[in-house]
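Input: a single structure, listed below in structure tokens.
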Amino acid sequence: MKSVTFSMLGAVCAGVLVLGGSAFAADYPSKQLELVVPYAAGGGTDLLARAYADTAKNYAGQAIGVVNKTGGAGAIGLSDIARGKADGYKIGMGTVEMSMLPHMGQNAAFTIKDFTPIARLNAEPSAISVNKDSPLKTVEEFLEFAKANPGKIRIGNSGPGAIWHIAAAALEDKAGITVTHVPFDGAAPAITALLGGHIEAVTVSVQEVASHVDGGNIRLLAVLDNQRHPKYPDIPTLKEKGVDVAVSTWRGIVGPANLPADVVAKLSDISAKTAADPAFQETLKKMNLTAAYLDAAGFKDAIEKDNAFFEEFMAKLGIGKK
Amino acid sequence: MEQLTMLLSGFATLFQDPWTLILAVFGVAVGIVIGALPGLTATMGVAIILPFTFGMAAVPGLTMICGVYFGGVYAGAVTAILLRIPGTPAAAATAIDGYELTKKGEGGKALGVATFSSFTGGFISILMLVFLSPILASFALKFSAAETFALAVFGLSIIASISGSNPIKGLMAGFLGLIIATIGLDPMGGFPRFTWGIPDLMQVPFIPVMIGLFAASEAFKTIGESDIAAKTAVALKNIIPTRETFRHIAGTVLRSTFLGAFIGCVPGAGADIAAFVAYNEAKRFSKHPENFGKGEVLAVAACESGANGCTGGAMLPMLTLGVPGDAVTAVMLGALTIQGMQPGPLLFRDHADKVFTLFAGMLFCYVIMLAMGLGSLRFIGKLLQMPKSVLTPLILALSIVGSYAINNNTFDIGIMLVSGVIGYVMQKYDFPPSPVVLALIMGPMAESNFRRALTMTGGSYDFLWTRPITVGFLLLAAASLLLPVVRYLLARRRSRAAAA
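Top line first, the protein sequences correspond to chains B and L.
The first sequence begins at 911 in the numbering used here and counts up one residue at a time.
The second sequence begins at 1098 in the numbering used here and counts up one residue at a time.
And the structure:
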């Protein structure tokens, strides 16, 4: 009798467990989601995350809490996402640094394999920008001058080993020129130095110089992308000029590795609807951010492509792992 | 006087809009709370409030953000003076003399002076922003890496004047700060230094170090005291400064305000640097420099007017050129962009009416800050009447929460506790903590700009003597650093001679 009771109890328990398990997946998300941002509150990545959370909560049916985990040029927050429980309740803002940091001499605690890509939301290409008073009027003049005067052109970037440093280095490599790299603590101080005439050019994104281009203080020479920039269709790409370099920063939603397939499907669905929502698009436009939605598969390809590029390129430049 | 007319019409628009006025009051209140909590800085307050303004019209939203900014910069002083917990990095300078005043039972006076000085500094700096922006804006762009390096060296030289009775121990503390500042990612090469493979050490979290050195060390010290159950102090009195006090501090406040506004204009230099420089200059101009560090009300006045003078200064290049002067204005730049008011040369042409209403709102925020500050001081003063046995655990809890809150990282709590123990030992052997904080702010700034300047000149050291602003700052630095040490050595020789 006793043993029967026990086995029945066991069966019931097992049943509850199985039901509970499937109920979990079907109900997902049944509680608040956490969206980890590896950068400080108020920055571009943070604003994008907050705009996403604000719209996506309507499609998720749950609140989405934005948590900033900063430090180590993004490494702290990205590790936190990678280490998260793979249940779909901890997702994060993945940035291009995901594919860069693992190849730098910093012992990053993750590789791109530790993440599940869900959706890319935004991308910003690099551009060559000069001061309005610069004698270099076109990208041809720029490249010619750089070839004739190795090291004379000082290009400001947003930090050593950061994405715009790589962009300038890639430009050097592919165009066969030599420039002087001047790292700053972020894109804004580099732009300030360009405005003050203390350096010759910057390779930060089109978006970061846009207000100064519109104000007439900075001139765009070329965009480092595969196609022209929608906001400045008159500015050529470097590719058109025979220099095959395209470097962009990107931001998107990622989760830890090994997320259950149905969770990925649900999150992809939420992200797709959010990216298509006019309110979200309007906020992006206000922030001067360029929408560049890619679904999970497309995002995964893009990340892998970048990862291979940075791995090879950083080793070549000597900023890679020893 | 076109600006005056515009400003007056800005006020007219402002007062027709009660919603903006209410939001300004709300913003200042939030700012004061955030600024008073250790670890939560004005920058963070602005970033937290920013998403709430997305749905608002431009002027009300931005006025509220300014309220948070101003309140946050001011309120860091309250806990610095009462409890030796600098709520913000700038308040680390205020804590030096402010807390000494509290220990002498003059906390009320210190808080009153701090409030009035913050108000005056901020209010005048906004007026400078309204009337002098074209002149000061072009000045901001003159600052290249060489000039910023020299400013940072000048900042480091201030260590000598904030060292208290023994400048040699102050210099040693400063060097400790410089050594700590080398931990983390190399600012120019990007390689990790002294991190032992721990990613959390790649950027030295400076605020936990500050909280540990000041607040936690003080708490540890109190735990060891025998009268821990006793009530600490009497109620705050004399909050409204007397006429003599006003006359006494007026010159210092004005000088510090101009210094603060000027430093605010310099890209990359913020309220923390302004407060320390103002302290240094107040001491240099004082007839009794020996009182500094022992509870000098002029020091509190200088730090607070300098820090708040910085607010108008930092917004100046942000609004006129579109380049942020410090971390807070970088976030505000985003706020303006989202409101469709792209900062830069076109802002005043395309949105002049909104900009001048915003200026009016900023001035209104400062008036509110004065009223709220004075109104809340009596209430805040009750803190002091708590027995230490209750207050000390509260301070430790706040220190832990504040350290965690900056990066949401538990590692930072550990850093805070280690710094607390170091701070306790330093205090026992009479080493001042503020030089460590100053070195942590200025060290990385000096290093990265020195190396950046070298990169930009192709390795030539000529920038050290060919650029007038650089040379001027370096000479000032030499004077600041050497004079107190020479004076101390002379005094010691004299007293030895007298003894012999």
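Quick reminder that beta carbons are idealized off the backbone N, C-alpha and C, glycines included.
Along chain L, which residues have their Cβ under 7 Å away from the Cβ of LYS979/B?
-> For the purposes of this step, residue 979/B is taken as residue 69 along the first sequence, with counting starting at 1. Within chain L, the residues near LYS979/B are ASN1504, ASN1505 and ASN1506.
Using the rule of at least 16 other Cβ atoms within 10 Å of the residue's Cβ for burial, across every protein chain shown, is PRO1012/B buried or exposed?
-> Indexing the first sequence from 1 puts residue 1012/B at position 102. Per the 10 Å Cβ criterion, buried.
Using a beta-carbon distance below 8 Å, is LEU1105/B in contact with chain L?
-> Counting from 1 along the first sequence, the entry for residue 1105/B is found at position 195. Yes - at least one Cβ of chain L is within 8 Å of the one on LEU1105/B.
Compute the Euclidean distance between the alpha carbons of ALA1201/B and ASN1041/B, then round it to the nearest angstrom.
-> Taking the first residue of the first sequence as position 1, residue 1201/B is located at position 291. Taking the first residue of the first sequence as position 1, residue 1041/B is located at position 131. In a straight line, the C-alpha of ALA1201/B is about 27 Å away from that of ASN1041/B.
Below 8 Å CB to CB, which residues in the same chain sit around TRP1562/L once its five sequence neighbours on both sides are set aside?
-> Residue 1562/L sits at position 465 when you count from the first residue of the second sequence. The residues are VAL1568.
Identify the contact partners of THR1090/B in chain L, using a Cβ-Cβ distance below 8 Å as the criterion.
-> As a first step, residue 1090/B is located in the first sequence; it is residue number 180 there, counting from the start. Those within 8 Å of THR1090/B in chain L are THR1552, MET1553 and GLY1555.
Hey, GLY1169/L and THR1185/L are a contact pair by Cβ (cut 8 Å); roughly how many whole angstroms apart?
-> In the second sequence, counting from the first residue as 1, residue 1169/L sits at position 72. In the second sequence, counting from the first residue as 1, residue 1185/L sits at position 88. Sure, about 7 Å apart at Cβ, within 8 Å.
Any Cβ of chain L within less than 8 Å of the Cβ of LEU957/B?
-> Numbered from its first residue, the first sequence carries residue 957/B at position 47. Interface residue, yes.
Per-residue DSSP class, three states only, for TYR1585/L | To locate residue 1585/L, count along the second sequence from 1; it is residue 488. Helix, per DSSP.
For LYS1000/B, name the three-state secondary structure that DSSP assigns.
-> By one-based count along the first sequence, residue 1000/B stands at place 90. LYS1000/B falls in the strand class under three-state DSSP.
Relative to the C-alpha of ARG1564/L, which residue among LEU1120/L, THR1245/L and GLU1315/L is closest?
-> Sequence index remark: in the second sequence, residue 1564/L carries index 467 (1-based). Among LEU1120/L, THR1245/L and GLU1315/L, the Cα nearest to that of ARG1564/L belongs to THR1245/L.
Rounded Cβ spacing between GLN1117/B and GLU1192/B (contact assumed at less than 8 Å) = Counting from one through the first sequence, the residue named residue 1117/B turns up at place 207. Counting from one through the first sequence, the residue named residue 1192/B turns up at place 282. No, GLN1117/B and GLU1192/B are not in contact; Cβ-Cβ is about 16 Å, not under 8 Å.
Status (buried if at least 16 other CB within 10 Å, exposed otherwise) for PHE1382/L = In the second sequence, counting from the first residue as 1, residue 1382/L sits at position 285. Its Cβ having fewer than 16 others within 10 Å, PHE1382/L is exposed.
Do you know whose CA, among MET1429/L, LYS1318/L, VAL1363/L and VAL1210/L, lies nearest VAL1341/L's CA?
-> Position 244 of the second sequence, counting from 1, holds the residue named residue 1341/L. First, the residue type needs correcting, since residue 1341/L is Glu and not Val in the sequence shown. Looking at the Cα atoms, VAL1210/L is the closest of the given residues.
For the alpha helix (DSSP H) that PRO1170/B lies in, which residues bound it at each end?
-> Residue numbering aside, residue 1170/B sits at position 260 when the first sequence is read from its first letter. Counting along the chain, PRO1170/B falls outside any alpha helix (DSSP H), and DSSP gives it neither H nor E.
Residues of chain B with CB under 7 Å from VAL1420/L, in chain order?
-> Your numbering for residue 1420/L matches position 323 in the second sequence. Within 7 Å Cβ-Cβ: ALA1098, ILE1101, THR1102 and LEU1105.
Tell me whether the beta-carbon of LYS1234/L lies closer than 8 Å to the beta-carbon of LEU1443/L.
-> Along the second sequence, one-based indexing puts residue 1234/L at 137. Along the second sequence, one-based indexing puts residue 1443/L at 346. In the sequence on display, residue 1234/L carries Ala and not Lys. No, they are not a contact pair.
Mind reading off the beta-carbon distance from ILE1223/L to GLY1195/L? Whole number of angstroms is fine, and I expect it under 8 Å.
-> Walking along the second sequence from the start, residue 1223/L turns up at place 126. Walking along the second sequence from the start, residue 1195/L turns up at place 98. No, ILE1223/L and GLY1195/L are not in contact; Cβ-Cβ is about 24 Å, not under 8 Å.
Starting from the C-beta of PRO1146/B, find all residues in its chain whose C-beta is less than 6 Å away, skip the five residues before and the five after it, and write them out in chain order.
-> Walking along the first sequence from the start, residue 1146/B turns up at place 236. Closer than 6 Å at the Cβ level, and outside the excluded window around PRO1146/B, lie ALA1132.
Say whether chain B places a C-beta atom closer than 8 Å to the C-beta of GLN1113/L.
-> By one-based count along the second sequence, residue 1113/L stands at place 16. It does not; no Cβ of chain B falls within 8 Å.
At a Cβ threshold of 8 Å, is PRO1148/L touching chain B?
-> The residue you call residue 1148/L lines up with position 51 of the second sequence. Closer than 8 Å to some Cβ of chain B, the Cβ of PRO1148/L qualifies, so yes.
Could you confirm whether any beta carbon from chain B is found closer than 8 Å to the beta carbon of ARG1549/L?
-> For the purposes of this step, residue 1549/L is identified with residue 452 of the second sequence, where counting begins at 1. It does: the Cβ of ARG1549/L has a partner Cβ on chain B nearer than 8 Å.
Anything in chain L within Cβ reach of MET1008/B, meaning under 7 Å, just list it in chain order.
-> Against the first sequence, residue 1008/B aligns to sequence position 98. Going along chain L, no residue has its Cβ under 7 Å from MET1008/B, so there is no contact; the nearest lies around 14 Å.
Beta-carbon of PRO948/B versus every beta-carbon of chain L: anything under 8 Å?
-> Start at 1 with the first residue of the first sequence, and residue 948/B comes out as number 38. No, PRO948/B lies away from the interface with chain L (no Cβ there is under 8 Å from its Cβ).
What are the start and end residues of the alpha helix (DSSP H) that includes PRO1115/L?
-> In the second sequence, the residue the question calls residue 1115/L occupies position 18. 1115-1133 is the span of the alpha helix (DSSP H), which, as asked, contains PRO1115/L.
Output, in chain order, the set of chain L residues within a Cβ distance shorter than 8 Å of GLY1061/B.
-> Numbered from its first residue, the first sequence carries residue 1061/B at position 151. Ordered by position in chain L, the residues that pass the 8 Å Cβ test against GLY1061/B are GLY1555.
Proximity to ILE986/B [Cα-Cα], best of GLY971/B, GLY1004/B and ALA996/B = Indexing the first sequence from 1 puts residue 986/B at position 76. Comparing Cα positions, the closest option is GLY1004/B.
Just to check, is the beta-carbon of ILE1213/B closer than 7 Å to a non-hydrogen atom of the ligand HEM?
-> With respect to small molecules bound, the structure shown includes none, and the ligand HEM cannot be examined in it.
Alpha helix (DSSP H) runs contained entirely in the segment 1057-1098 of chain B, provided each spans 4 or more residues | 1073-1085
Tell me, which residues are paired with LEU1130/B by DSSP?
-> To locate residue 1130/B, count along the first sequence from 1; it is residue 220. Its beta-bridge partners are SER1039/B.
Within the chosen definition, does the segment 1255-1263 of chain L reach the segment 1524-1539 of chain L through at least 3 CB pairs nearer than 8 Å?
-> yes
Reduced DSSP category for ALA1596/L - H, G, I as helix; E, B as strand; rest coil | Locating residue 1596/L in the second sequence gives position 499, counting from the first residue. Helix.
Minimum C-alpha distance to ALA1398/L - residue among ILE1435/L, ALA1375/L and THR1199/L = For the purposes of this step, residue 1398/L is taken as the residue at position 301 of the second sequence. Measuring from the Cα of ALA1398/L, the nearest candidate turns out to be ALA1375/L.
Rounded to whole angstroms, what's the CA-CA distance from HIS1091/B to GLY1107/B? Just pull it up for me.
-> If you number the first sequence from 1, residue 1091/B lands on position 181. If you number the first sequence from 1, residue 1107/B lands on position 197. Spanning the two alpha carbons is a distance of roughly 15 Å.
Where do the N-terminal and C-terminal ends of the alpha helix (DSSP H) with ILE1492/L fall, by residue?
-> One-based indexing of the second sequence puts residue 1492/L at position 395. Element bounds for ILE1492/L: 1485-1504.
Selection from VAL1363/L, PRO1364/L and THR1349/L that minimises the alpha carbon distance to ASN1377/L | Within the second sequence, numbered from 1, the residue matching residue 1377/L stands at position 280. When only C-alpha atoms are compared, the closest one is THR1349/L.
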